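One structure is given here, and the rest of the page talks about it.
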Amino acid sequence: MTSHTSKPATDTQTISATAHVAIFDTTLRDGEQSPGAAMTLEQKLQVADMLEQLGVDIIEAGFPIASTGDFEAVSSIAQRSKRAVICGLARASAKDIERAAEALKQARRGRIHTFISTSPVHMKHKLQMTPEQVLEAVIGSVSLARRHVDDVEWSAEDATRTELDFLCRCVEAAIKAGATTINIPDTVGYTVPHEYAALITALRTRVPNADQVVFSTHCHNDLGLAVANSLAGVMAGARQVECTINGIGERAGNAALEEIVMALSTRADALPFTTSIETPLIARASKLVSAVTGFPVQYNKAIVGKNAFAHESGIHQDGMLKNTQTYEIMMPETVGVSKSSLVLGKLSGRHAFRDKLQALGYDFGDNQLEDAFRRFKDLADRKKHVFDEDIVALVDDAIAHEQDRIKVLNLRVVAGTFGPPSAELELSIDGVTALGVARGDGPVDAIFNAVKTMFPHSAVLQSYEVRAVTSGTDAQAGVSVRLEEDGKSVLGQGTDTDTLVASARAYVHALNRLLIKRQRTVPEALPAVGH
Ligand code: KIV
Ligand code: ZN
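Residue numbering for the sequence shown follows our numbering, beginning at 2 and increasing consecutively.
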């Protein structure tokens with residue numbers, strides 16, 4: 002192997018004026034594996050379809066060895082994808098790589114993404130491997146992946162805490178073994194922009210044949226620097242950015258796709274790079290991911306937060322009325338946010354409702370629309386004014402609960418001071434109706450106990466939160482419930498004008514997510530790398 006200090010490989014690797022940056026979306030892999038998030042197969046397919054429409058270049062669809070569910074998701078997405086490259090993750094083990102290759106068999110364009118840790122702390126404590134063994138594993142895993150597909154990405158997990166000389170040797174070995182993309186993850190969100198840029202530059206200049214591959218960023222957000230670090234990587238020559246919708250991902254998340262894309266498009270003067278993203282679909286993609294994961298988007302989140310284009314202070318409002326450019330650097334329409342604030346009521350028809358959904362960023366087929374319209378009418382009967390927030394809550398609730406195996410059918414609760422709180426609850430479990438009755442310390446406790454009589458489980462309630470979706474005493478209640486079982490944590494959401502019904506729906510929703518999580522069985526420690 003050539004020394005990493007040999008002649009720079011970048012003589013021809015100039016950064017062109019309008020270079021294209023490939024968007025590698027890992028919402029369905031890094032995003033889905035984050036605590037609390039879990040999606041059903043149907044939901045993953047919905048998200049994958051959305052990502053294709055959005056125009057992402059590569060969809061990381063899952064980690065095929067992790068569970069049958071992950072395998073099925075990768076293979077189904079591979080079969081239906083028309084444009085994007087579909088990618089499956091694999092550790093540096095033959096079993097992982099073969100499982101990924103099997104899942105990608107039907108992909109029009111498939112990529113195997115194989116990774117191994119390269120930092121001293123990971124090699125010693127996590128892998129219990131020497132650097133030489135890791136280097137062998139890099140060569141073995143990339144070569145094996147290349148026997149299955151032409152498109153192989155290799156990642157140095159914890160690259161930003163890896164000794165540079167060793168990282169150069171690993172990258173060189175991966176390129177020689179056939180990797181076509183080299184990903185440099187900031188796995189623990191530790192780096193800072195100038196340091197990350199220097200790392201990408203060092204690799205591109207020091208590693209032989211670096212100009213034959215695409216360098217990629219994969220930055221976590223533990224210090225809130227994921228987007229800044231990714232952009233610094235691009236400025237230093239990376240031409241692929243790994244990111245997720247709404248920035249979801251392990252711990253504090255990944256770089257947010259919408260922020261990367263809008264920074265590149267809004268500041269094209271300072272960041273002369275293009276992407277293939279259809280930016281008017283961003284709001285829809287954000288809503289869908291929030292609904293299927295149950296992760297709310299923080300109000301002040303850049304680009305997709307509820308307040309991202311809202312102007313509250315008098316001075317700002319005055320300026321905006323005179324000229325929107327006074328306080329707005331992007332037009333809301335460019336990311337699919339419409340300013341319409343038409344309030345609906347019980348006399349509003351299907352057309353007004355469909356227009357409203359579209360203005361809010363939802364695009365439903367006829368069946369889904371009919372379902373949502375029925376729920377809207379039901380809500381409008383109970384509530385005088387139906388606001389945008391009500392519609393968003395109603396539609397997100399419908400999307401989130403669509404695939405639930407356990408559903409709340411009916412509920413009667415006795416609460417107050419006259420007698421012990423009790424609940425009578427009717428559930429549908431895999432299509433079979435069951436009735437449970439239980440008492441509790443309070444009405445919510447009684448409901449949760451009633452669920453347990455029909456669906457026994459050992460999950461522990463970690464948090465229970467109620468918020469009003471809008472103002473007014475007839476407002477809908479949005480309830481979030483977090484449960485934990487065997488170290489697996491899940492989040493459930495429920496919305497209803499009745500707080501106790503919303504509580505039952507949220508609790509049952511969390512149990513549905515637990516059912517998905519239970520299927521996931523990736524062994525924590527990597528066994529000996531078997532080639
Ligand atoms: O953060 C990370 O290092 C990863 C790798 C598997 C790419 O997600
Ligand atoms: Zn990651």
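Where is the CB? At the ideal position from N, CA and C, for every residue including glycine.
As the structure is a prediction and not an experimental result, all values here were calculated from the model.
Checklist line | 9 Å Cβ cutoff met for ILE249 and VAL290 | finding: For ILE249 and VAL290, yes; Cβs fall inside 9 Å.
Notebook entry, point to check: Taking the C-alpha atoms as reference points, what is the distance between TYR328 and VAL393?
Noted result: 26 Å
Next item on the list: In the DSSP assignment, find the unbroken beta strand (DSSP E) run with ASN184 in it and report its ends.
Entry: 182 to 187
Margin query: Give me, in chain order, the residues of the same chain whose beta-carbon lies closer than 6 Å to that of LYS489; leave out the 5 immediate sequence neighbours on both sides.
Written below: Result list for LYS489: LYS518, in chain order.
Check: Can you find a CB in chain B that lies within less than 9 Å of the CB of ILE183?
Finding: Although the question refers to chain B, the structure presented lacks it and comprises just one protein chain.
Notebook entry, point to check: Thinking C-alpha only, which one of GLY37, LEU46, LYS288 is nearest ASP71?
Noted result: LEU46
Check: For GLY493 versus THR294, is the C-beta distance shorter than 9 Å?
Finding: no
Note to self: What would DSSP say about SER341, mapped onto helix, strand or coil?
What the structure shows: Residue placement at SER341 cannot be trusted, given a pLDDT of 48 that sits under 50; what the coordinates show is reported in the next sentence. When secondary structure is reduced to three states using DSSP, SER341 falls in the coil class, being assigned neither helix nor strand.
Next item on the list: Locate the alpha helix (DSSP H) running through ILE113, then write down its first and last residues.
Entry: That residue, ILE113, is in no alpha helix (DSSP H); its beta strand (DSSP E) goes 111 to 118.
Notebook entry, point to check: Does the Cβ of GLY552 have 16 or more other Cβ atoms within 10 Å, making it buried, or fewer, making it exposed?
Noted result: No statement about residue 552 is possible, as the shown extent of the chain runs from 2 to 532 and does not include it.
Margin query: What does the alpha-carbon distance come out to for the pair ASN230 and GLU154?
Written below: 20 Å
Margin query: Threshold first: 4 residues or longer. Then list the alpha helix (DSSP H) segments lying entirely within the stretch 233 to 284, N to C.
Written below: The stretch 233 to 284 contains these whole alpha helix (DSSP H) runs: 258 to 267.
Check: Going by C-alpha distance, which of LEU484, PHE310, ALA227 is nearest GLY254?
Finding: ALA227
Next item on the list: Please find out if some non-hydrogen atom of the ligand KIV comes closer than 8 Å to the beta-carbon of GLU158.
Entry: Checking the Cβ of GLU158 against the ligand KIV gives yes.
Notebook entry, point to check: Using the rule of at least 16 other Cβ atoms within 10 Å of the residue's Cβ for burial, across every protein chain shown, is MET124 buried or exposed?
Noted result: buried
Notebook entry, point to check: Does DSSP put ASP475 in a helix, in a strand, or in coil?
Noted result: coil
Check: Should VAL409 and GLY495 be called a contact, given that it needs their Cβ atoms to be closer than 9 Å?
Finding: In this structure, GLY495 lies closer than 9 Å to VAL409 by Cβ.
Next item on the list: State buried or exposed for LEU436, treating a residue as buried only when at least 16 other CB atoms are found within 10 Å of its CB.
Entry: exposed
Notebook entry, point to check: Grouping DSSP H, G and I as helix and E and B as strand, with all else coil, what is PHE216?
Noted result: In the structure shown, PHE216 sits in a strand (DSSP, three-state: E or B).
Check: Relative to the C-alpha of LYS288, which residue among SER277, PHE274, ILE304 is closest?
Finding: ILE304
Checklist line | Contact under 9 Å by Cβ, VAL86 with ARG112 | finding: For VAL86 and ARG112, yes; Cβs fall inside 9 Å.
Margin query: Buried or exposed, going by whether 16 or more other CB atoms sit within 10 Å of the CB of PRO457?
Written below: exposed
Note to self: Just checking THR294 against the ligand ZN - is the residue's beta carbon closer than 8 Å to any of the ligand's heavy atoms?
What the structure shows: no
Note to self: Quick check: is any heavy atom of the ligand ZN less than 8 Å from the C-beta of GLY89?
What the structure shows: no
Next item on the list: Using the Cα positions of VAL461 and LEU512, report the straight-line distance between them to the nearest angstrom.
Entry: 11 Å
Item checked: Contacting residues, own chain, Cβ-Cβ under 7 Å from GLN520 (five flanking each side not counted) -> SER68, THR69, GLY70
Next item on the list: Grab me the residues of THR418's own chain with a C-beta within less than 6 Å of its C-beta, minus the 5 sequence neighbours each way, in chain order.
Entry: Sequence-distant Cβ neighbours of THR418 in its own chain, meaning closer than 6 Å and more than five residues away, do not exist here.
Item checked: Residue interval of the alpha helix (DSSP H) (run including GLN369) -> 367 to 383
Checklist line | Check: GLU99 C-beta below 8 Å from any heavy atom of the ligand ZN | finding: no
Margin query: Taking 8 Å as the cut-off, does the stretch 352 to 364 touch the stretch 376 to 392 (at least 3 CB pairs, one atom from each stretch)?
Written below: Three or more beta-carbon pairs drawn from the stretch 376 to 392 and the stretch 352 to 364 are found closer than 8 Å, and the two stretches are therefore classed as touching.
Margin query: Taking 6 Å as the limit between beta carbons, can you name the residues of its chain near GLU259, skipping five residues before and five after?
Written below: ILE283, ILE304, VAL305
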